[in-house]
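If you read the sequence shown in our numbering, its first letter stands for residue 27, the second for the next number, and so on.
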Amino acid sequence: LRTFPYAITFSPRSPKEADIVRQIIRRLKASMAPKAGEFNGTAAGIFIQSPDVFQLKFLKDDVDHPFLHSFKLCALTGMAVNYTNAGTYSTYEDGTPVNIRMSLTFKELNPIYQEDYNMFSSNDNLGVGY
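See the structure below:
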């Protein structure tokens, strides 16, 4: 199964941007966590549900990129946030770090088979396949 590491650097310039960065980090952390399950009387959390899955895409002008590869469904398997990416601890007055680096690792849930490439015609402008 293929893994895909990504690193994103945030440098919020205003309280509004800082709030958006905070929401992005929180939502990704919550999406990679398993769910406790439905509450059934006293059986809350006995059956763990899987974390969220992601459909990653490379886009160009809001459509699939004409050259880059495609993805199958992925799970977010790793996330690290460096709140001192500038090399030293530095924050704005409200405590928001000046520079944040978020590293994400996605892993596909299903393997790529040779038959998967049959859906891509060599004449189509659908990139290089998987």
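All C-beta atoms, glycine included, are put in the ideal place defined by N, C-alpha and C.
Close Cβ partners of Ser116 (< 6 Å) along its chain, the five nearest in sequence each way excluded: As a first step, residue 116 must be located in the sequence shown, where it is residue number 90. Within the same chain, Ser116 has close Cβ partners Val124.
Cβ neighbours of Thr3 in the same chain (closer than 6 Å, five flanking residues each side left out): Limits of the chain in this structure are 27 at one end and 156 at the other, which puts residue 3 out of reach.
Buried versus exposed, by CB contacts within 10 Å (16 or more), Ala175: Absent from the model: residue 175. The displayed extent of the chain is 27 to 156, so no value can be given.
Residue nearest to Met105 in terms of C-alpha spacing, selected from Arg48, Leu27, Met58: To locate residue 105, count along the sequence shown from 1; it is residue 79. Answer by Cα proximity: Met58.
C-alpha distance - Ser76 paired with Leu27, whole-angstrom precision: Your numbering for residue 76 matches position 50 in the sequence shown. Your numbering for residue 27 matches position 1 in the sequence shown. Whole-angstrom Cα-Cα distance: 18 Å.
Host beta strand (DSSP E) of Lys133 (start-end): Locating residue 133 in the sequence shown gives position 107, where the first residue counts as 1. Start and end: 126-134.
Leu102 (DSSP reduced to helix, strand or coil): Taking the sequence shown and counting its residues from 1, the one referred to as residue 102 is at position 76. In the structure shown, Leu102 sits in a strand (DSSP, three-state: E or B).
Which of helix, strand or coil DSSP assigns to Leu82: Locating residue 82 in the sequence shown gives position 56, where the first residue counts as 1. Three-state DSSP puts Leu82 in coil, outside helix and strand.
CB of Leu135 within 9 Å of CB of Leu102, strictly: Counting from one through the sequence shown, the residue named residue 135 turns up at place 109. Counting from one through the sequence shown, the residue named residue 102 turns up at place 76. Not closer than 9 Å, so no.
Complete runs of the alpha helix (DSSP H) confined to the stretch 34-58 [at least 4 residues]: 41-57
Close beta carbons around Pro60, own chain, < 7 Å, minus the five adjacent residues each side: By 1-based counting over the sequence shown, the position of residue 60 is 34. Ile74, Gln75, Ser76, Pro77.
Residues bridged to Tyr32 [DSSP beta-bridge criterion]: Here the question's residue 32 lines up with position 6 in the sequence shown. Residue pairing from DSSP places Tyr32 in a beta bridge opposite Leu130.
Residues sharing a beta bridge with Asp90, DSSP: For the purposes of this step, residue 90 is taken as residue 64 along the sequence shown, with counting starting at 1. Paired residues: Leu85.
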